[in-house]
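If you count the sequence shown from 1, position 33 lands on 16 in the numbering used here, and the numbers rise without skipping.
Cβ coordinates follow ideal geometry from the N, Cα and C atoms, glycine included.
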Amino acid sequence: MAQENSARPAAGTARVAEADEQHAILVLTGDLRGAPALRELERLLLSEPLLRARSWVLDVRDLDHLGLACAYAVLRAVTSAPRKIGLTVRGAHRTVHRTLREAGIDEIAGYEP
């Protein structure tokens, strides 16, 4: 009998890898879908290190899944910040890029491989 592949993506994490007055790197990994992931991401997006930075790199190289609500949270954080924030998305694979595009992030962000 063949064994079923029941591997599930790892629970998602969001963290600020580095931040200063000029830039911040926000790293998203695993599976960021659902209410718990959204709450944690929204809390992080309102943190002082991110709000101080003039530009953000959203590093999603190790992100397996991104919920649309989480993508909208990033969009809201960037567009409602007290000052203009430049956004660069780094390493988005096809499904993550599709979710970001559906949320409208393509209108405000540049992409890096």
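Would you kindly check if the distance between the Cβ of residue j and the Cβ of residue i is under 8 Å?
| i | j | result |
| --- | --- | --- |
| I8 | V40 | yes |
| G17 | G50 | yes |
| S30 | I68 | no |
| L11 | A(-3) | yes |
Taking the continuous beta strand (DSSP E) assigned at residue i, which residues delimit it?
| i | result |
| --- | --- |
| E90 | Taken as a continuous stretch (DSSP letters only), E90 belongs to no beta strand (DSSP E), as it is neither H nor E. |
| V72 | 69 to 73 |
Following the continuous alpha helix (DSSP H) through residue i, name the residue where it begins and the one where it ends.
| i | result |
| --- | --- |
| A36 | Counting along the chain, A36 falls outside any alpha helix (DSSP H), and DSSP gives it neither H nor E. |
| V57 | 51 to 62 |
| V29 | Note that residue 29 is Leu in the sequence shown here, rather than Val. Element bounds for L29: n/a, residue is neither H nor E. |
In terms of alpha-carbon separation, which member of the options lies closest to residue i?
| i | options | result |
| --- | --- | --- |
| A54 | D14, L83, A60, A0 | L83 |
| A75 | R22, L28, D47 | D47 |
| R66 | A36, L58, E23 | A36 |
| E95 | R44, R81, A2 | R44 |
| L24 | L70, R81, H80, L58 | L58 |
| H6 | R22, T62, E85, L70 | L70 |
Residue i: beta carbon under 7 Å from a heavy atom of the ligand FAD?
| i | result |
| --- | --- |
| D14 | Absence of the ligand FAD from the depicted structure is noted, as is the absence of any ligand whatsoever, leaving it without description. |
Using only the alpha-carbon positions, how far apart do residue i and residue j sit?
| i | j | result |
| --- | --- | --- |
| V147 | E90 | No answer is possible for residue 147: it lies beyond the span of the chain, which begins at -16 and ends at 96. |
| R77 | E4 | 31 Å |
| V72 | A56 | 15 Å |
| D14 | A60 | 20 Å |
| A20 | A64 | 21 Å |
| E1 | L33 | 9 Å |
| L27 | D42 | 14 Å |
| T62 | H80 | 19 Å |
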